[in-house]
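As structure tokens, the structure follows; a few thoughts come after it.
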Amino acid sequence: MEIKHIRWIAVVGLIAIVELQYVWLVNTYKLTKESIQMKGEELFPEAALQEVFLRVSKTKKDSTVTMSVNFDAEKDMETMSNPGQWLMSYMHVSFQEIALKDFNRDVSFTDLDSIYTHMLDSIGFSAAVASCIVDSTGRVIKSSSRFDINGKGILRTSPLPISLDGNRFLQGVITNPYWVIFQRMTLLLLATVLIMILVIVCIIYQIRIIVRQDKIAKLREDFSFAMIHDMKTPLSSILMGTQILETGKLDAQPEKKARYFRILKEEGEHLLSLTNKVLTLSKLENHQLKLEKETCSLRPMLEDLAEKYKAKALKHITYRWNLQADTVYADEEFLKEALSNLIDNAVKFSGKEVEITFSSGRLPGEDYIKVHDTGFGIPLKDQSKIFEKYERASAADRSRYGGPAGFGLGLNYVLRVVEAHGGRVTLESIEGEYSEFTIYLPAEENAAERKLPEEEQ
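In my numbering, each residue carries its 1-based index in the sequence shown increased by 21.
Here is the structure:
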């Protein structure tokens, strides 16, 4: 399955999860709102009854109250579905009438709001409440605070009759229901946010793993193809040369026979070098390579490499020398192979002719070696990954300019070897103008202080 399809599947899955979370939160919000509404409806009549008792108890008049119940069977039986509820409502209206007419005390909104707030708080609803008296049409006659009874963002209880003629009703209002709902859903909202973050992080992480695995798989395929292709030419040359030598046709031509032997040797050395490079990289990655460091002379090493590439190259190579430091402290075999890779790249990735400049010098605590070439250069966007294993920057562009195919072990080998010495490699390049690689190695007196952990074990 292609990566883009996996990404689309992940996006669709994420959208589905978000939708499910949204439906869950909406339903929970509705249930919480209904719960608050129901509790408010249950407690408001009790709060109103407590308020009327408190109002009557505050009067200095005789608190003995005589109340009669007038029951019209034909009229009241039609509207009375619950006798107990009807009786309580009738008693409440009667108490309200007595308090208003006999004791001349109307509803105390301050006491009612306080009692109602306390009741709601006792069951876990920290609500801001208000109360009002409305007429039969719902118009507010008197209220404990200013609010729009028909506005959004409030919860109202059912009108509670407080007069026998049905012209006055008491109504409770929760003015901050959204805040109460939010308080009730705090843990749920936090859990939802954490779950969504976790799901998104996991999906992104899984996609990155899949992308990385896909990249590794492609790199392995490219590496296998490139390595087989790179080995095919020398193997074909060796087999062809061996067959010709076996026929004995060149026994009478010693010069040609010697040239064939030289070709076979060079191709064998090329295969051996390639194999050793892969094995060396594997050992370096697993910290199994042991370096034999010593003081190495730079000029003989570089001159030998320069002659080697000048002899086998099919283009004109000019060398320039600027060696300020004659020696470095390193493993000569691996350092020479690393420098060989830099020269090889300079020759490969250049036009019909190339100029290579070798420089060296000494800095406080370290020595440096520079290999500067006038080749194709490396684009800025590729310079960050040029040292990665199996990477070759701008392969298509270089192929167009005549650059060779390959599988990108050379610069990774240079990096690994230099890091094994406790040093570093830097690159400076301008596309179409030049490339300059600089190897920094610890000076001999500082090498012991900069040992790698695997060397100390």
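Using N, Cα and C, we set each Cβ at its ideal position, and we do this for glycine too.
Residue i - partner residues in DSSP beta bridges
{"i": "residue 389", "result": "382 and 461"}
{"i": "residue 317", "result": "349"}
{"i": "residue 177", "result": "194"}
{"i": "residue 340", "result": "377"}
{"i": "residue 182", "result": "190"}
{"i": "residue 448", "result": "458"}
{"i": "residue 394", "result": "377 and 456"}
{"i": "residue 15", "result": "The chain is shown from 22 up to 478; residue 15 falls before or after that span and cannot be answered."}
{"i": "residue 161", "result": "155"}
Buried or exposed (CB count within 10 angstroms, at least 16 for buried), residue i
{"i": "residue 462", "result": "buried"}
{"i": "residue 39", "result": "exposed"}
{"i": "residue 264", "result": "exposed"}
{"i": "residue 192", "result": "buried"}
{"i": "residue 59", "result": "exposed"}
{"i": "residue 30", "result": "exposed"}
{"i": "residue 65", "result": "buried"}
{"i": "residue 152", "result": "buried"}
{"i": "residue 358", "result": "buried"}
{"i": "residue 226", "result": "exposed"}
{"i": "residue 272", "result": "exposed"}
{"i": "residue 253", "result": "exposed"}
{"i": "residue 394", "result": "buried"}
{"i": "residue 352", "result": "buried"}
{"i": "residue 178", "result": "buried"}
{"i": "residue 268", "result": "exposed"}
{"i": "residue 356", "result": "buried"}
{"i": "residue 444", "result": "buried"}
{"i": "residue 147", "result": "exposed"}
{"i": "residue 47", "result": "exposed"}
Cβ neighbours of residue i in the same chain (closer than 7 Å, five flanking residues each side left out)
{"i": "residue 259", "result": "285, 288 and 289"}
{"i": "residue 27", "result": "228 and 231"}
{"i": "residue 262", "result": "281, 284 and 285"}
{"i": "residue 454", "result": "398"}
{"i": "residue 73", "result": "116, 117 and 120"}
{"i": "residue 219", "result": "none"}
{"i": "residue 417", "result": "Only weak support exists for where residue 417 lies, its pLDDT of 39 falling under 50; the value from the coordinates is given anyway. Counting only Cβ-Cβ distances below 7 Å, and skipping sequence neighbours, we find nothing."}
{"i": "residue 312", "result": "352, 355, 441 and 442"}
Cutoff 8 Å; reference residue i; Cβ partners in own chain excluding five residues on either side
{"i": "residue 362", "result": "431, 432, 434 and 435"}
{"i": "residue 333", "result": "287"}
{"i": "residue 224", "result": "31, 34 and 35"}
{"i": "residue 45", "result": "213"}
{"i": "residue 493", "result": "Coverage of the chain is limited to positions 22 through 478, which leaves residue 493 absent and any answer about it impossible."}
{"i": "residue 162", "result": "153, 154, 155, 156 and 189"}
{"i": "residue 49", "result": "206 and 209"}
{"i": "residue 126", "result": "76, 77, 79, 80 and 120"}
Cut-off 6 Å between Cβ atoms - residues of its own chain near residue i, not counting five sequence neighbours on either side
{"i": "residue 460", "result": "390, 439 and 446"}
{"i": "residue 330", "result": "364 and 368"}
{"i": "residue 450", "result": "398, 399 and 456"}
{"i": "residue 371", "result": "396"}
{"i": "residue 298", "result": "430 and 434"}
{"i": "residue 452", "result": "398 and 400"}
{"i": "residue 149", "result": "196 and 197"}
{"i": "residue 442", "result": "351 and 462"}
{"i": "residue 292", "result": "255"}
{"i": "residue 296", "result": "none"}
{"i": "residue 277", "result": "271"}
{"i": "residue 380", "result": "343 and 391"}
Cβ contact (3+ pairs, closer than 8 Å) linking the region 178-185 and the region 198-211: No, because fewer than three Cβ pairs between the region 178-185 and the region 198-211 fall closer than 8 Å, the two stretches do not touch.
The region 63-80 contacting the region 129-138, beta-carbon criterion three pairs below 8 Å: They touch, by the three-pair rule.
Given 8 Å, three or more beta-carbon pairs between the region 362-378 and the region 331-345: Yes, the region 362-378 touches the region 331-345.
Within the region 199-269, ranges of the alpha helix (DSSP H) (whole runs, at least 4 residues): Runs of the alpha helix (DSSP H) inside the region 199-269: 207-268.
Touch test, the region 311-324 against the region 340-358, Cβ-Cβ under 8 Å, three pairs minimum: Contact holds: three or more Cβ-Cβ distances are below 8 Å.
The region 143-157 contacting the region 117-126, beta-carbon criterion three pairs below 8 Å: The region 143-157 makes no contact with the region 117-126: fewer than 3 CB pairs, one atom from each, lie closer than 8 Å.
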